[in-house]
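Undergrad: Structure below; questions to follow.
There are 2 protein chains.
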Amino acid sequence: MSAKPDSANGRKNGLSRATIIAAAIDILDAGGQSALTFRALASRLSTGSGAIYWHVADKDALLSAAADRVLSEALAKVARDLDPVEGLRQIALSVFDVIEARPWVGSEIAREPWQPAMAELFEHCSARFADLGVPQAALFPCVSALTQYILGAAAQTAAAAQHGFATSDQSTVLDAIVDRWMDRNPVDYPYVHLLADQMRQHDDRAVFLVGLELIVAGAKAMSQRQDVRP
Amino acid sequence: MSAKPDSANGRKNGLSRATIIAAAIDILDAGGQSALTFRALASRLSTGSGAIYWHVADKDALLSAAADRVLSEALAKVARDLDPVEGLRQIALSVFDVIEARPWVGSEIAREPWQPAMAELFEHCSARFADLGVPQAALFPCVSALTQYILGAAAQTAAAAQHGFATSDQSTVLDAIVDRWMDRNPVDYPYVHLLADQMRQHDDRAVFLVGLELIVAGAKAMSQRQDVRP
DNA sequence: ACCTGAACACCGTTCAAGT
DNA sequence: ACCTGAACACCGTTCAAGT
Numbered sequence: 010m011s012a013k014p015d016s017a018n019g020r021k022n023g024l025s026r027a028t029i030i031a032a033a034i035d036i037l038d039a040g041g042q043s044a045l046t047f048r049a050l051a052s053r054l055s056t057g058s059g060a061i062y063w064h065v066a067d068k069d070a071l072l073s074a075a076a077d078r079v080l081s082e083a084l085a086k087v088a089r090d091l092d093p094v095e096g097l098r099q100i101a102l103s104v105f106d107v108i109e110a111r112p113w114v115g116s117e118i119a120r121e122p123w124q125p126a127m128a129e130l131f132e133h134c135s136a137r138f139a140d141l142g143v144p145q146a147a148l149f150p151c152v153s154a155l156t157q158y159i160l161g162a163a164a165q166t167a168a169a170a171q172h173g174f175a176t177s178d179q180s181t182v183l184d185a186i187v188d189r190w191m192d193r194n195p196v197d198y199p200y201v202h203l204l205a206d207q208m209r210q211h212d213d214r215a216v217f218l219v220g221l222e223l224i225v226a227g228a229k230a231m232s233q234r235q236d237v238r239p
Numbered sequence: 010m011s012a013k014p015d016s017a018n019g020r021k022n023g024l025s026r027a028t029i030i031a032a033a034i035d036i037l038d039a040g041g042q043s044a045l046t047f048r049a050l051a052s053r054l055s056t057g058s059g060a061i062y063w064h065v066a067d068k069d070a071l072l073s074a075a076a077d078r079v080l081s082e083a084l085a086k087v088a089r090d091l092d093p094v095e096g097l098r099q100i101a102l103s104v105f106d107v108i109e110a111r112p113w114v115g116s117e118i119a120r121e122p123w124q125p126a127m128a129e130l131f132e133h134c135s136a137r138f139a140d141l142g143v144p145q146a147a148l149f150p151c152v153s154a155l156t157q158y159i160l161g162a163a164a165q166t167a168a169a170a171q172h173g174f175a176t177s178d179q180s181t182v183l184d185a186i187v188d189r190w191m192d193r194n195p196v197d198y199p200y201v202h203l204l205a206d207q208m209r210q211h212d213d214r215a216v217f218l219v220g221l222e223l224i225v226a227g228a229k230a231m232s233q234r235q236d237v238r239p
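Here the protein sequences come in this chain order: W and Z.
Sequential numbering of the first sequence, starting at 10, is according to my numbering.
Sequential numbering of the second sequence, starting at 10, is according to my numbering.
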C-alpha cells in the first residue's frame, strides 16, 4: 500500500517522506497536535494537500513516523557502557525528557505503542536487566512492565502538563486539582488530605525516578530470590 | 460555565446530564471512540445536537465524564478489607479489566489524567501502601508511581489490543509485530531475538501483574530499609 | 429554562486532471 | 512517477429562533 522505494528523493518538488516528516515534527513542536493539519503541512511545504498522500499513507502513519523518529533519536544518544542501574535510569530519563519536551510524542505513543523505536527501548532495557541478574525466564515480563511504566508514566505527566498550557502556569493547575480533591470528606479520604501538600510540591521527574527505582529494586529482589535456589 | 443545578432532571425532554453521559457510554461501548458523535448522540436521544451543549460543556467534558463514571463504578466495587498486597492487586486489576473491556476509557485517561476517579484510586492505594509499612514521607511518590503504572500500562495494552480490532485476531497482530522486529540484525538486537517467543506467547494481564508485584516488592524493600534506622 | 436545527468553520481523504 | 487543488463527506460548535 504505502511501500515507497527509498530512491534518494522525490522528483518534481523537494518532496519526500523524510522532508514531510521533518516538517510535521516542526509543526507539532511549534503548535502541538492540533496544529498538524494536511493543509498546514502542505502550505508549509508549498504543495497541495493531496501530494502528501503520495509519500505517506494517512495521518496516523504520519504521526507514527514523527513520534518514532524523535524517540529513536533520543534513545540513540543514551550511553551503553554504564552500570545496569544507572543505564536504566538514563534510558528512562531520555524517554521522559523527550516526552516532556514534546508532549505530542506521549499522546502518539499512548495511541499506538509498538512503533519501531519500541524495539530499541526493549533491547536496551533487556540488556540492563540481564546484567542486573534477572533470570532469562523472567526477563520478558520484567522488561515489558518497565517499558510500560516508562511510556505510560511519561505520557501521563506530559498530558497533565499539557493541560496547564495557556490557561496558567503548571503549579496553579495542580493547585486547582488539589483544591477540588480537598472538597471531599476527610473521613472518607484521609490520605488525600494527608498527602495534599506533598502532591502540591512534588516534582514530576523525581516521582518518575522513584517509580523506576521501585521497579528495579523489585526486579533485583526477585532475581535474588530465584538465584539462591540452584 | 457548565454549573448545572442537579434539580432532579431536565424539563421538556427526558434530557439531563446523566442521561446524556449514559447514552455516550452506550455508544462508546458499541462502536468505540470514533462512533461518539454529537449527531449520533443527538439522534439516539431524539433531540438536536445543540441541546446537548446545554448540559455538557463540550466533547472533552463528555468523554471525561463518561470515563470517570465507568472508572468510579469499577473502583467502588473493590473490597476494602483485604490484606495490603491482595488489596493492591484487586484495585489494579479492576482498573486493568475496565480498560481492557472498554478501551476508550484508557485513551481518555491517557489524554486527561486527574479526573475525580483518580482521587478514589489514589486514596485506595495510599491506604494499602501505608498498611504495607511505607513511611509517610515516601508515600506520595510511591502511590503516584503506582497509579501511573496502573493507568499507563492498562492504557497501553488497551491501545495495542484495539489495533487488532477488525483486521484479525490479537495473536496475529502481535505475530506481525514480532516478525518485523525479527528483521533486525540479531547481533545488534540479541535480546529482541532471545525473547521473541516469550513475547509471542505472553499474556497481557499476567505481565501487568508482574509489574505490579515489582513495584510492591520495591516499596516493601524501601520501607524496610528506612524503618530499621530509628 | 430548555430545546431545535440550520449554518459555520474546519477537518481527512479522494480523485480527475495535469506534468 | 509525481504533483495540483477542487470536491466530498463528516466533524464540533454556535446561535437565532422557538416553546
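Note that beta-carbon positions come from the ideal geometry of N, C-alpha and C, so glycine has one too.
1) With DSSP collapsed to three states, give me the class of Glu-121/W.
2) I'd like the ranges of any alpha helix (DSSP H) spanning at least 4 consecutive residues and lying wholly in the region 136-179 of chain W.
3) Do Phe-138/Z and Ala-228/Z have their beta-carbon atoms positioned less than 8 Å apart in this structure?
4) Output needed in chain order: residues of the region 53-87 of chain W with a Cβ under 7 Å from some Cβ in chain Z.
5) Along the region 200-217 of chain Z, where does the CB come closer than 8 Å to a CB of chain W? Name the residues.
6) Answer yes or no: do Leu-45/W and Gln-165/Z have a C-beta to C-beta separation smaller than 8 Å?
7) Under three-state DSSP, which class holds Gly-19/W?
8) Would you call Asp-236/W buried or exposed, if buried means 16 or more other Cβ atoms sit within 10 Å of its Cβ?
9) Please confirm whether Trp-113/W has its beta-carbon closer than 8 Å to some beta-carbon of chain Z.
10) Which residue from Asn-194/Z, Ala-136/Z, Glu-117/Z, Phe-47/Z puts its Cα closest to that of Asp-90/Z?
11) For Asp-77/W, count neighbouring C-beta atoms within 10 Å of its own C-beta (all shown protein chains included) and say buried if the count is 16 or more, exposed if not.
12) Does the beta-carbon distance from Gly-220/W to Gln-157/Z come in below 8 Å?
13) If Ala-154/Z sits next to Val-216/W, beta carbons under 8 Å apart, how far is it from one beta carbon to the other, in whole angstroms?
14) Residues of chain W with a CB under 9 Å from the CB of Leu-148/Z: which are they?
15) Going along the chain, which residues of its own chain have a beta-carbon closer than 6 Å to the beta-carbon of Ile-100/Z, five neighbours each way excluded?
16) Let me know if Glu-129/Z comes out buried or exposed under the rule of 16 or more other beta-carbons within 10 Å of its beta-carbon.
17) Which first and last residues belong to the alpha helix (DSSP H) in which Gly-41/Z is found?
18) Return no unless some Cβ of chain Z is closer than 8 Å to the Cβ of Gly-227/W.
19) CB-CB under 7 Å to Gly-115/W, same chain, minus the five flanking residues each way: which ones, in chain order?
20) According to DSSP, is Lys-229/Z part of a helix, a strand, or is it coil?
21) Enumerate in chain order the residues of its own chain whose CB-to-CB distance from Arg-48/W is below 6 Å, with the five nearest sequence positions on each side excluded.
22) Under 8 Å between the Cβ atoms of Ala-27/W and Leu-71/W?
TA: On the basis of the data shown:
1) What you label residue 121/W is simply residue 112 of the first sequence in a count that begins at 1. Glu-121/W: coil per DSSP, three-state reduction.
2) 145-172
3) Indexing the second sequence from 1 puts residue 228/Z at position 219. Indexing the second sequence from 1 puts residue 138/Z at position 129. For Ala-228/Z and Phe-138/Z, yes; Cβs fall inside 8 Å.
4) none
5) From the region 200-217 of chain Z, only Tyr-200, Val-201, Leu-203, Leu-204, Gln-207, Met-208, His-211, Ala-215, Val-216, Phe-217 have a Cβ closer than 8 Å to chain W.
6) Reading the first sequence from its first residue, position 36 is the one you call residue 45/W. Reading the second sequence from its first residue, position 156 is the one you call residue 165/Z. Going by C-beta atoms, Leu-45/W is not nearer than 8 Å to Gln-165/Z.
7) Within the first sequence, residue 19/W is the residue found at index 10, counting from 1. Legend: pLDDT at Gly-19/W = 44, less than 50; position of this residue unreliable, no value from coordinates given.
8) Reading the first sequence from its first residue, position 227 is the one you call residue 236/W. With a pLDDT of 49 at Asp-236/W, under the threshold of 50, the modelled position of this residue cannot be trusted, and the question is left open.
9) The residue labelled residue 113/W in the question sits at position 104 within the first sequence. It does not; no Cβ of chain Z falls within 8 Å.
10) In the second sequence, residue 90/Z corresponds to position 81, counting from 1. Nearest neighbour of Asp-90/Z by Cα position, chosen from Asn-194/Z, Ala-136/Z, Glu-117/Z, Phe-47/Z, turns out to be Ala-136/Z.
11) Indexing the first sequence from 1 puts residue 77/W at position 68. Buried is the call here.
12) Position 211 of the first sequence, counted from the first residue, corresponds to residue 220/W. Position 148 of the second sequence, counted from the first residue, corresponds to residue 157/Z. Yes, Cβ-Cβ distance for Gly-220/W and Gln-157/Z is below 8 Å.
13) If you number the second sequence from 1, residue 154/Z lands on position 145. If you number the first sequence from 1, residue 216/W lands on position 207. 6 Å between Cβ atoms; contact.
14) As a first step, residue 148/Z must be located in the second sequence, where it is residue number 139. Against chain W, the beta carbon of Leu-148/Z has neighbours under 9 Å at Tyr-200, Leu-203, Leu-204, Gln-207, listed in chain order.
15) Residue mapping note: residue 100/Z aligns to position 91 of the second sequence, counting from 1. If we look at Ile-100/Z and ignore the five residues flanking it on each side, its Cβ neighbours are Val-87, His-133.
16) Residue mapping note: residue 129/Z aligns to position 120 of the second sequence, counting from 1. Classification of Glu-129/Z: buried, given that the 10 Å Cβ count is 16 or more.
17) As a position in the second sequence, residue 41/Z is number 32, starting the count at 1. Per DSSP, Gly-41/Z belongs to no alpha helix (DSSP H) and is neither H nor E.
18) Counting from 1 along the first sequence, the entry for residue 227/W is found at position 218. Chain Z contact via Cβ: present.
19) Looking up residue 115/W in the first sequence gives position 106. Ile-108, Ala-163, Ala-164, Ala-167, Ala-168.
20) The count along the second sequence starts at 1 and reaches residue 229/Z at position 220. Reduced to three states, the DSSP call for Lys-229/Z is helix.
21) Taking the first sequence and counting its residues from 1, one reaches residue 48/W at position 39. Same-chain partners within the cutoff: Ser-58.
22) One-based indexing of the first sequence puts residue 27/W at position 18. One-based indexing of the first sequence puts residue 71/W at position 62. No, Cβ-Cβ distance for Ala-27/W and Leu-71/W is not below 8 Å.
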